[in-house]
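Residue numbers (the working numbering): 2 to 203. Working notes, structure below.
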């Protein structure tokens, strides 16, 4: 058996003596536990973000969104599942049908105003005509009363004046009816003008 050469250091220890088995087992056990925790965390994160199941039910707080007007959407400012808050612009409904309707209603309002002005003039004219016809009726009645005291020779003239009086009375009744209708229509239309609104059956 040879002796170690002088000046040489102690011989290195075997690998089995440098890393005892209990220490290696601990390291491997810790590595397995850490790996299991990492895999569990990754799996939980993956299933939370991208859940998968054969029989699932989703539960979430859902808020229904309904516009005040209906129509096709021309601008969409959100995407699916986007977080929004009160006051955010979601979409824009096509305004063209409503702008056209507003223009039509404004035109109808202007026409109604002209009709009201014409009716006001008609009321004034009808009132003046009623006054004139009433004055003519009174004159005819006075003329008839004077001629009734005359001899029977004037019976034909009296009949003519009575017929004229009946015609005047009929005209007065007709004009008064027209005036009442015009005043009633004016009373119904004037509140609509204040509201900037015209009904369909105006």
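Ideal Cβ placement from N, Cα and C applies to all residues, glycine included.
Fill in: Cα-Cα separation, residue 54 to residue 69
Near 39 Å, if we compare the C-alpha coordinates of residue 69 and residue 54.
Discussion item. I need the DSSP call for residue 91, collapsed to helix, strand or coil.
Written reply: coil
Worksheet item: In its own chain, which residues sit with a C-beta less than 7 Å from the C-beta of residue 165, not counting the 5 before and 5 after it?
Response: Counting only Cβ-Cβ distances below 7 Å, and skipping sequence neighbours, we find 141.
Worksheet item: Do you know how far the Cα of residue 27 is from the Cα of residue 38?
Response: So the alpha carbons of these two residues sit roughly 16 Å apart.
Worksheet entry | Buried versus exposed call for residue 112 [16 or more other C-beta atoms within 10 Å across all chains shown] | Exposed.
Worksheet item: For the beta strand (DSSP E) that residue 74 lies in, which residues bound it at each end?
Response: 74 to 77
Fill in: Alpha-carbon spacing of residue 110 relative to residue 104, whole angstroms
10 Å
Worksheet item: Would residue 131 pass as a contact of residue 176 if the rule is Cβ separation under 8 Å?
Response: Contact flag set, yes.
Worksheet item: Quick one: what's got a C-beta closer than 8 Å to residue 202's C-beta in the same chain, skipping five residues either side?
Response: In this predicted model, residue 202 has a pLDDT of only 41, less than 50, meaning its place in the structure is not dependable; the value taken from the coordinates is given anyway. So the list is empty, once near-sequence residues are dropped.
Worksheet item: Near residue 138, which residues of its chain fall below 8 Å by C-beta distance, leaving aside the five closest residues on each side in sequence?
Response: So the list reads 166, 169, 170 and 173, once near-sequence residues are dropped.
Item to complete: Please confirm whether residue 91 and residue 85 have their CB atoms less than 8 Å apart.
Response: Yes, the Cβ-Cβ distance between residue 91 and residue 85 is below 8 Å.
Fill in: Which of helix, strand or coil DSSP assigns to residue 54
coil
Item to complete: Out of 82, 48, 51 and 29, point me to the one whose CA is closest to residue 62's CA.
Response: 82
Discussion item. Beta-carbon within less than 7 Å of residue 60's beta-carbon, same chain only, minus the 5 sequence neighbours each way: which residues are those?
Written reply: none
Discussion item. Considering Cα atoms alone, identify which of 94, 49 and 89 is closest to residue 73.
Written reply: 94
Item to complete: With a 10 Å radius around its C-beta and 16 neighbouring C-beta atoms as the bar for buried, classify residue 42 as buried or exposed.
Response: Answer is exposed; the Cβ neighbour count stays below 16.
Worksheet entry | Spatial distance of residue 117 from residue 128 (CA atoms) | 16 Å
Worksheet item: DSSP three-state call for residue 139: helix, strand or coil?
Response: In this structure, residue 139 counts as helix in the three-state DSSP scheme.
Practice prompt. Work out the CA separation of residue 133 and residue 163 for me, nearest whole Å.
Written response: 18 Å
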